[in-house]
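Heads up: the sequence lines are chains V and D, in that order. Quick note on the numbering used here: the first sequence kicks off at 60 and runs consecutively. Quick note on the numbering used here: the second sequence kicks off at 24 and runs consecutively.
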Amino acid sequence: AQSVTQPDARVTVSEGASLQLRCKYSYSGTPYLFWYVQYPRQGLQLLLKYYSGDPVVQGVNGFEAEFIKSNSSFHLRKASVHWSDSAVYFCAVSAGINTNKVVFGTGTRLQVLP
Amino acid sequence: NAGVIQTPRHKVTGKGQEATLWCEPISGHSAVFWYRQTIVQGLEFLTYFRNQAPIDDSGMPKERFSAQMPNQSHSTLKIQSTQPQDSAVYLCASSSATEQFFGPGTRLTVL
């Protein structure tokens, strides 16, 4: 079975700083990986996804993530954060593109200081 | 496309009362998922349906919780005899493949 670890429950950065949110997954096969964001009082929204191909995937609002198979990681990055990026970010993994079920990490709460 | 619709957005019940939460998936999506989200436990998977059939209810509490999908346009999550520990945000998501699209959630408060 697959699992996801987000080691940082909270991250605080200043506006304009670079950002990395860590995610490590566990799955013996080829994983399908996702990052979701949850703004206050809203559901989760997809930021980006990785199925295959270029290990660096671009998402919305300047976010990107890199799949590193040797490290079982899928860290999320942004070059310069904005205060509106403050939210909870979830990493997720699925066993297959058609299996439907997705396993979510515990989330990282990002606070961007103005 | 209105996205996944969840009603009501907020529900307050007294201890011991029943609560029914509704979810309308995105048209054409074959899978519907229910999650529970709390500060303490985070995002917990409850159950999911594919083509209206229950596939995996491994996250559902064995007592008091039930979910149904009587047709392709809606699913319900019913909690009988609600308890204060049932207070949470209940999220519904739908999917046509692997990517899930979430509704805004229903915040259930049990007094």
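Backbone N, C-alpha and C fix where the C-beta goes; we use that ideal spot for every residue, glycine too.
The alpha-carbon of residue 85 of chain D is positioned some 11 Å away from that of residue 102 of chain D.
For residue 113 of chain V, the three-state secondary structure derived from DSSP is coil. In the same chain as residue 104 of chain D, and ignoring 5 residues on each side of it, the C-beta atoms closer than 6 Å to its own belong to 39, 87, in chain order. Excluding sequence positions up to five before and after residue 132 of chain V, its CB lies within less than 6 Å of the CB of 83, all in the same chain and listed in chain order.
In the three-state scheme derived from DSSP, where H, G and I count as helix and E and B as strand, residue 65 of chain D is classed as strand.
When V:111, V:61, V:167 are compared, the shortest CA-CA separation from residue 134 of chain V is found for V:167.
Inside the stretch 24-68 of chain D, DSSP marks whole beta strand (DSSP E) runs of 3 or more residues at positions 28-30, 33-36, 42-47, 54-61, from first to last along the chain. Looking at the backbone, the Cα of residue 106 of chain V and that of residue 122 of chain D are separated by about 11 Å.
Here residue 59 of chain D is buried, its C-beta having at least 16 other C-beta atoms within 10 Å. By DSSP's assignment, residue 91 of chain V forms a beta bridge with V:153. Taking the Cα positions, residue 69 of chain V is about 28 Å away from residue 83 of chain D. Within the stretch 34-54 of chain D, those residues whose Cβ lies closer than 9 Å to any Cβ of chain V are, in chain order, 53, 54. Among the residues of chain D, none has a CB under 8 Å from the CB of residue 118 of chain V; the nearest is roughly 12 Å distant. For residue 122 of chain V, no beta strand (DSSP E) encloses it, and the DSSP letter there is neither H nor E. Contact between the stretch 62-77 of chain V and the stretch 119-129 of chain V is absent: fewer than three C-beta pairs spanning the two stretches fall below 8 Å. Cβ neighbours of residue 55 of chain D within its own chain (closer than 7 Å, five residues either side excluded): 46, 48, 71, 72, 92, 98, 115, 117.
With contacts defined by Cβ atoms closer than 8 Å, residue 161 of chain V and residue 144 of chain V do not form a contacting pair.
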